[in-house]
Structures are given as C-alpha cells and as structure tokens.
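Chemist:
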Amino acid sequence: MTKTGIFLCVCPSITSAIDIEKTAKSIELADTVVYSHRYLCSQRGLRFLDDCVEKEKLGRIFIVACSEDIHRHVFERAFLSKIPDIEYIDIGKMKNEKDLMDLIEERLKEDRGKTIEKEIMTRDVLVIGGGVGGVQAALDIAEEGYKVYVVESSLSVGGVMAQLDKTFPTMDCSICILGPKLVDAGKHPIIELITNADIKSITGRAGDFNVEVEIKPRYVDMGKCNGCSACVEVCPVILPNEWDMNLKSRKCIYVMFAQSVPLRYTIDKEKCIECELCKKVCKLDAINLKEEPKRRTLNVGAIVLSTGTQTFDASRKEQYGYGRVKNVVTNMEFERIICASGPTGGELLRPDGKHIKKVAFIQCVGSRDLHFHEYCSFYCCMASIKEGRLVMEHEQGAEVWIFYNDLRAFGKGFEELYVRSEREGMKFIKGLPGEIRENPVTESPIVVFEDPKSGRHSEIEFDMVVLAVALEPSEQNARLAEMLDLETDAHGFFKELDSTSMPLETSNRGVFLAGTCQGPKDIPETVAQASGAAAKVCTLFSQINRTINKF
C-alpha cells in the first residue's frame, strides 16, 4: 500500500488561527507519517520535504499550508517528477482544528492510486482583445510555435493606440510603431485574427477550454474582397465616422482606418438603403447583403484577456459643458484633430474650423472624483503634456495651460518631458476649474477657476478646452468574468491573483491578464505586461508532460 506523508506548515499567519503542533500530534493513521515544519515553502522547508520523501519512501503527500493559489505551484514544481500524487489543503479556509482533521481524513479515504494519468493539454491559445497588448501577446506566443486565435469585437485589430497621433515620452508616431505589428499579426502563419466577433461562452479548464465565438456579418466576403475601395466611390450614404470621433464622415461601406488589419470592407447594414450599387461595381462579387452570423468553437489550452478599456462620458461632468460648449473636446477627439490622418489632416483647427492659439487641458475628468471614479487613470498627465507639446509644435507662439490635481510623471523619461515642457513655456495650474461656459460671440470656452497664487476668482478665454477623461473597464469584463469564474475589483477591472507576486495570473489557472483590462496603464506597461502574459502561457505549456490527479 502507498505510504502517505502529511506535512503541516508552521508560520505565524497559520498558527494564530490553528494550533498546528496539536493537530500534528492528533493524526494517527496507518501507513501515514506526519511532520510539521517552519516555512515549508522556503528552500530549507523544501529540502526537509525532499529528505522525508526519500527517507520514508512516500508515494503520496499532503501539503497543509496557506494561500493555495500562490504556493501550490512551488510544491508541484519541486516534487511532481518524484510524486505524482500531491494534495494541497489551504489551511486559510479552515475554521478550526476539527475542520482540518475532518478534511484530511476524508481525503485519505479516497483511493487515488489508480487515477493518475497524463494531463491532456491543447497548446492553442485564445487572446481576447486585439489592441496593442493583445497583438503583442499573440506575436510573442506565436513566435514560440503555438497557434493563436485573436478575437476582437471591432472590425480591425489595433485598439486605441491606432487612433493616437504620437506616443509619450518619445513623441514617436503611434501608427508607425503599431502598424508593422498589426501587419505581422495579420500575415503570421499561426495567428488567426477573428474580428467583428463576440465571445458567447467559455467552458473547461487549463489545457482544455472550449470557447464559442459568434462572428457578426460584414456583408462583404472576406475571402474575395481585396480592399480596392471601388464600392466606396459609388456608395451614396454618408455617415459620421466613429473612428474620427464623429468629426469626419464615412460611407456606409467602409474600413475602420487606412491601416486596418484585416483591410476588408464592411457594410453598415442598419444604415444601408440596399441600392446595391456596391454590388454592381464589385468585380470580385464580394458583396452579400444576406450574410448571416457564423459560430465557431475553439479548443484552446490558455486564454489571455486583453479587453482594454472604454472612456468616461465627459457630459456627465456637467460643469465642464461637454456637449453644450462647442469647443470643449475630449482628449481622444483632440488626438484625431491633431493627427495627420485625422479629420483636419493634422491642421490644428477647432470643430468650428477656426485656428487654435490658446488651449487649456483639464485633468482628472471622471478620475480621482468621489462622484465618479476614485482611482487615478494613470495615463492622463503625460498624455496632456504630450498633446500640449503637439499644440506648441503645430502653432508657433501657442499658449498651453494644464489644470491639474497632482502631476504624476513617474515612468522612464516622464519627468524629463514634464520639465522640458515647463521650461519651454507650458503653464501648469494646480487646481481644477469650477466651471466652463461659452462666450456667445466668439463661441470660445471660458474657464472659471481660482488662481492658486493669489487665491482670487479668475476667468480666462481659450480657443479650445481639452478634457482628459477617465479610463473605465470594458463592458466585456463582467460577462467574461462570469464565464471564467473570475473576480473583478471594486471598479470592474479584472483582479489579478496577487498584486505583488502574481500580477499576470488570475484565480482560474490558464487565464492571464494583459494591459488595461487589469487597470489603467500606459502603452509601455501594457506591452510589457502582454509579453509577460505570453511568457506565462509558454511556461504553462512547458508543463504538458507532467502528471496530475484525475478526479
């Protein structure tokens, strides 16, 4: 009969609730040896375990310790090659010694000697979300030889980064950095991009997840369309362009943006008048106005969540006049205005067409606000400084004012960018405005605030006011959390397994986090986290030949 060893960890966090020594002495079972040892998860503790396994010729061991999610892998990595039958009991879930004893005795009665087999693991990977984080994770995983499915809800991969003009702190062209990554992902032989799609269900476990995906119709055959744009030229329906924050128009048949991947057209069926002019002009017969949604089931071994974020509705902050005062815009609207591929061709113009010479940036719109979101949105201070510099580069002699709560310039090169901007004339005003109203004659916004130096009520007219809006959790998070049995934090972002030691893992083994789905962050941190999540996936797959207990 297999000999069993029960090892109880002794450490202050455990012994304060349960008397470990008393429990160890009370266990008297046949073919079972019991040990208690201080800090089993330490190197000394693992050596002690190893010595006991060799000495007692153990075929099965119980680890009774704390925080199974964090510590179990330590013992599995050390002993699974020697002992395939490892039981872990999380003592933190036990109320008292009796509960612990009852559970040990119950587990010991289970005959597990013949139930050990190889773990079956599918080595394909699902990445949910095709922003820069999702694309980076997919590329890293695919380069290690694993098939990757990227499921993206919009028509193209790229996410928010594709809408930006420049990145901070280097002031590099955003799409120049991102574009090649999108092309690489689109052409990679073992990356499949599934765009315009939603996740409908996820079942299974690490190594064997089954995912049902619904692909919404484009009404244009992806296999036939070559992106020639002949259909666009004849389409008579003109609509607001959401990609350009409704500051420009598009046709009813369109691509999201010039560098879209895949570069395939889509018909906005809700607005289509079904004139069929596009169908007549398409030489490849790619138009199919009767296309139906399609369903696919993917079998994958691991999942990377990279669902991104959405932005705060600035009109909720009523005192700032967004939606009422014509020349108050959000920072994403400003990014499209200033971008060379945007609605003004990069010319610094207000929505009413006038040139801009004096701009105010207002921080923390929806963030660090007890009425909306108490958390910091992380990116806003540096984004506004970057955007302010773009104003100064586009218009010689332009004035840039930034109204802020606290300036947070904590990343590599951030402080230097702030200091350089202030030295070159950017004005920083500590304190947020109380109100923004419109000059009825000039249609310019008037910012009402308290001067921090004099303490006096002040009013200054600007050509434009840019609101740095908060990042909010994606609407997908709650639904995916339910499917995957994951926790979200108080704000709705996915909760990591441990913020200090396991920031990429979740409570569901085989599911990893990348980017702003876990909380607000900037592009460099998103990319770093995505590569980290990819490495975690590869580590999981490297364990394919280890043995586990089959229940």
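Start counting the sequence shown at 66; every next residue gets the next number (the working numbering).
Glycine included, each C-beta is placed from N, C-alpha and C at the ideal position.
1) Could you give the C-beta distance for Arg125 and Thr67, rounded to a whole number, given that I count them as a contact under 8 Å?
2) What are the start and end residues of the alpha helix (DSSP H) that includes Arg544?
3) Mind checking Ile338: buried by the 16 CB within 10 Å criterion, or exposed?
4) Assuming the contact rule is C-beta atoms closer than 8 Å, Ala555 and Val430 should be a hit. Round their C-beta distance to whole Å, please.
5) Could you work out which residue in Asp286, Glu141, Tyr387 and Glu500 is closest to Asp350 when comparing CA atoms only?
6) For Arg315, write down the residues that DSSP places opposite it in a beta bridge.
7) CA-CA distance, Lys631 and Gly244?
8) Taking the alpha-carbon of Glu152 as reference, which of Thr69, Met186 and Asp164 has the nearest alpha-carbon?
9) When you compare each of Ile318, Gly272, Lys477 and Thr232 to Cys296 by their alpha carbons, which one comes out closest?
10) Taking all protein chains shown into account, do 16 or more other C-beta atoms lie within 10 angstroms of the C-beta of Met236, making it buried, or fewer, making it exposed?
11) Quick check: the Cα distance between Ala599 and Lys163, rounded to an integer number of angstroms?
12) Quick one, which of His436, Tyr284 and Ile264 has its alpha-carbon nearest Val276's?
13) Would you say Gly407 and Asp528 are within 9 Å of each other, going by their C-beta atoms?
14) Going by beta carbon distance, what residues of the same chain come within less than 7 Å of Gly597, once the five residues before and after it are set aside?
15) For Ile85 and Ser566, what's the separation of their Cα atoms in angstroms?
16) Buried or exposed: which applies to Asp167, given that a residue is buried once 16 or more other Cβ atoms fall within 10 Å of its Cβ?
17) Under 8 Å: do the stretch 201–211 and the stretch 409–425 share three or more Cβ pairs, one atom per stretch?
18) Would the stretch 225–242 count as touching the stretch 253–263 if we require 3 or more Cβ pairs under 8 Å?
19) Spatial neighbours of Lys179 within its chain, please: C-beta separation below 6 Å, excluding the five flanking residues on both sides.
20) Determine the contact status of Gln594 and Leu605, defining contact as a CB-CB distance below 9 Å.
21) Nearest by alpha-carbon distance to Leu173: which of Leu114, Asp249, Asp96 and Ser218 is it?
22) Just mark Pro517 as buried or exposed, buried being the case when its beta carbon has 16 or more other beta carbons within 10 Å.
23) Ends of the beta strand (DSSP E) at Glu298?
24) With a threshold of 6 Å on Cβ separation, who are the neighbours of Met159 within its own chain once the five nearest residues in sequence on each side are excluded?
25) If you follow the beta strand (DSSP E) that His522 is in, where does it begin and where does it stop?
26) Do you know how far the Cα of Arg521 is from the Cα of Pro77?
27) Can you tell which of Arg360, Cys300 and Lys313 has the C-alpha that lies nearest to the C-alpha of Thr331?
28) Which stretch, first to last residue, makes up the beta strand (DSSP E) that contains Asn392?
29) What runs of the alpha helix (DSSP H), each 4 residues or longer, lie entirely inside the stretch 167–244?
30) Name the one or two DSSP bridge partners that Val484 has.
31) Give the secondary structure of Thr591 by DSSP, where H, G and I count as helix, E and B as strand, and everything else as coil.
32) Here's the rule I'm using: 16 or more other beta-carbon atoms within 10 Å means buried, otherwise exposed. How should His438 be labelled?
33) Just to confirm, are Glu257 and Tyr211 a CB contact at a threshold of 9 Å?
34) Determine the direct distance from the alpha carbon of Pro538 to that of Thr581, and round the result to whole angstroms.
35) Starting from Met529, follow the beta strand (DSSP E) in both directions and report where the run begins and ends.
36) Following the continuous alpha helix (DSSP H) through Glu56, name the residue where it begins and the one where it ends.
Modeler: Reading from the atomic positions:
1) With a Cβ gap of about 5 Å, Arg125 and Thr67 count as contacting.
2) For Arg544, the uninterrupted alpha helix (DSSP H) segment begins and ends at Gln541 to Leu549.
3) That one is exposed.
4) So it is not a contact: roughly 20 Å between Cβ atoms.
5) Asp286
6) Beta-bridge pairing links Arg315 to Leu304.
7) Outside the displayed range of the chain (66 to 616) lies residue 631, so it cannot be described from this structure.
8) Thr69
9) Ile318
10) exposed
11) Straight-line Cα distance between these residues: approximately 43 Å.
12) Ile264
13) no
14) Listed in chain order, the non-local C-beta contacts of Gly597 below 7 Å within the same chain comprise Leu569, local neighbours out to five positions each way being set aside.
15) 26 Å
16) exposed
17) no
18) no
19) Residue placement at Lys179 is flagged as unreliable, the pLDDT there being 43, under the threshold of 50; the coordinate-derived value follows with that caveat. Here the set comprises nothing.
20) The Cβ-Cβ distance between Gln594 and Leu605 does not fall below 9 Å.
21) Asp96
22) exposed
23) Run containing Glu298: none in the beta strand (DSSP E); it sits in the alpha helix (DSSP H), Ala295 to Val299.
24) When the five nearest sequence neighbours on each side are left out, the beta carbons in the same chain lying within less than 6 Å of the beta carbon of Met159 are those of Leu165, in order along the chain.
25) His522 to Glu526
26) The straight-line gap from Cα to Cα measures roughly 57 Å.
27) Cys300
28) Note, Asn392: premise wrong, no beta strand (DSSP E); not H, not E.
29) 197–208
30) Paired residue(s): none; Val484 is not in a bridge.
31) helix
32) Buried, by the Cβ-count rule.
33) no
34) 8 Å
35) Residues Met529 to Val534.
36) Lying before the first or after the last residue shown, residue 56 is absent from the chain, which here runs from 66 to 616.
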